[in-house]
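In our numbering, the protein residues as written are 53 to 464.
C-beta atoms are modelled at their ideal positions from N, C-alpha and C, and glycine is treated no differently.
Small disclaimer: the values here were computed from a predicted structure and weren't measured.
Structure first, commentary second.
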């Protein structure tokens with residue numbers, strides 16, 4: 053009997069499910085294609101590879117059972133024939149039982165051997181499929197990882213470009229506003245209700261990535277924008293002595309700077325901020341800005357070489373300087389304010405308030421017309437009553453020679 057197996061119908065009757073067409077690649081580039089087409093193709097290939105083995109593993113096909121039964125019948129017939137030849141006197145029922153037993157044993161043996169063979173084949177196929185699956189999954193993971201890396205690179209590049217564009221836009225708008233010859237908006241037309249959102253928006257665009265620097269930028273933007281909002285009412289103030297306002301106003305001046313300096317400022321002129329302040333005033337003079345300063349003395353005892361050197365140093369920077377001794381001023385001028393103030397372009401007054409210990413406790417910026425006019429009137433009066441540097445030299449020499457009465461002795 054031939055043992056060659058005929059082609060198995062189940063391999064052709066149950067074809068593998070066709071792989072679904074791959075989804076079209078997204079227009080975003082290779083990263084999107086790697087994120088969508090690759091997993092779909094892997095799933096289709098896995099289904100196509102595992103479907104035939106699942107069908108074969110379910111149960112043997114009808115042709116295989118027919119061959120086994122035929123082999124069992126042939127084996128039973130041979131056993132019956134052998135029994136009849138070897139034991140002719142045996143009962144017919146026994147011969148038939150022996151034949152049936154041999155046929156059943158033949159079918160069972162074929163079935164068991166087929167199971168073992170199929171199990172071995174299936175195990176090998178599963179191992180091969182496992183290797184293929186690992187290869188496919190590894191390739192898919194690499195593709196997804198590359199796609200995500202490219203996406204992150206594009207995102208970082210886009211954010212950097214966006215930040216640069218925003219900075220350039222803000223700078224260009226500020227430059228256009230500086231160049232425009234149109235009139236400034238009056239304070240009543242300036243909206244301040246969106247100041248916190250504006251500060252937060254600038255912080256999100258301009259701040260670095262770290263949380264600390266982001267919070268710092270947001271707080272600084274909130275502080276600056278808050279001062280700008282206060283100026284909508286033509287007045288702003290901050291605690292202490294604000295050197296940043298002093299320098300910014302000096303750089304913004306276009307026509308004139310009129311300043312007073314009291315004895316409280318004597319230590320200031322030896323500090324580092326004073327160097328930057330004088331440098332800013334020197335640059336203003338080079339732009340054609342007229343800079344004048346009146347030193348106010350509470351007593352003639354403050355006259356001396358240190359004050360004279362300070363005045364000569366500022367004269368070298370082309371700053372016009374005069375000195376007024378308060379007790380020697382006319383009574384009407386003595387009743388005016390003696391606080392430090394600086395008037396810029398006769399439009400805004402920068403003022404510093406002192407407490408009873410002569411400590412600078414508050415800085416104010418006031419642009420109200422009536423207030424600025426009062427400050428300019430006070431400055432002109434002090435300027436007209438003051439001594440020039442040449443007159444100061446003569447007075448200092450007289451004080452040193454004892455030919456000038458320093459202060460009258462108070463009646464007592």
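- Closest by C-alpha distance to residue 433, out of 382, 417 and 391, is 382.
- Apart from the 5 residues on each side of it in sequence, residue 448 sits with its Cβ closer than 6 angstroms to the Cβ of 355 and 360 in its chain, given in chain order.
- If you look at residue 308, you'll find it in the beta strand (DSSP E) that goes 308–313.
- The C-alpha of residue 368 is placed about 10 angstroms away from the C-alpha of residue 334.
- Rounded to the nearest whole angstrom, the C-alpha separation of residue 126 and residue 143 is 21 angstroms.
- Residue 305 and residue 345 have their C-alpha atoms some 15 angstroms from each other.
- About 7 angstroms separates the Cβ atoms of residue 400 and residue 424, confirming a contact at the 8 angstroms cut-off.
- The DSSP-derived three-state label of residue 346 is strand.
- Using a Cβ distance threshold of 8 angstroms, residue 311 and residue 394 count as a contacting pair.
- Spanning the alpha carbons of residue 283 and residue 293 requires a straight line of approximately 18 angstroms.
- Under the criterion of beta carbons closer than 8 angstroms, residue 164 and residue 128 do not qualify as touching, at roughly 18 angstroms.
- Judged by their CB atoms, residue 364 and residue 441 are nearer to each other than the 8 angstroms cut-off.
- Between residue 377 and residue 391, the C-beta spacing is not below 8 angstroms.
- When DSSP reads this structure, residue 372 sits in a beta bridge with 344.
- Here residue 313 is buried, its C-beta having at least 16 other C-beta atoms within 10 Å.
- In this chain, the alpha helix (DSSP H) harbouring residue 282 covers 263–282.
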